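Residue numbers (the working numbering): 17 to 81. Just below is one structure, and these are the notes that go with it.
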Amino acid sequence: MRTVHSDDMEVTVVFPGGIAVTLGLAGKSIDLSASARGRPALVRTDLEPRPLITVDIVETRGPED
């Protein structure tokens, strides 16, 4: 199950486990940001042009973790 929140320029998809991915329209590009359990997450992707890419969402660790 996933939750989708949308407005005119941005869509956020929330997946089980607290992973949220936000896609924002930026001209002819898409900005992608992510969070894990409410904290910003790193977004890693391959730079080769492909019809499909896999985006890795990596939880960041704070000093308290």
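We put the beta carbon where it would ideally sit given N, CA and C, even for glycine. Fair warning: this is a prediction, and the values are worked out from it, not measured in the lab.
Beta-carbon contacts of V37 that lie in its chain and below 6 Å, excluding the five residues immediately before and after: Locating residue 37 in the sequence shown gives position 21, where the first residue counts as 1. So the qualifying residues of the chain are V29 and A50.
3 or more residues per run - each beta strand (DSSP E) lying fully within the stretch 52–78: Runs of the beta strand (DSSP E) inside the stretch 52–78: 55–60 and 72–75.
CA nearest to the CA of I73, picked from I35, D23 and L41: Against the sequence shown, residue 73 aligns to sequence position 57. Nearest C-alpha to I73: I35.
Inter-residue CB distance, I69 and T76 (contact presumed, cutoff 8 Å): For the purposes of this step, residue 69 is taken as residue 53 along the sequence shown, with counting starting at 1. For the purposes of this step, residue 76 is taken as residue 60 along the sequence shown, with counting starting at 1. The C-beta distance from I69 to T76 rounds to 21 Å, too long to fall under 8 Å, and the pair is not in contact.
Backbone secondary structure at G34 - three-state DSSP: Position 18 of the sequence shown, counted from the first residue, corresponds to residue 34. If DSSP states are grouped into helix, strand and coil, G34 belongs with coil.
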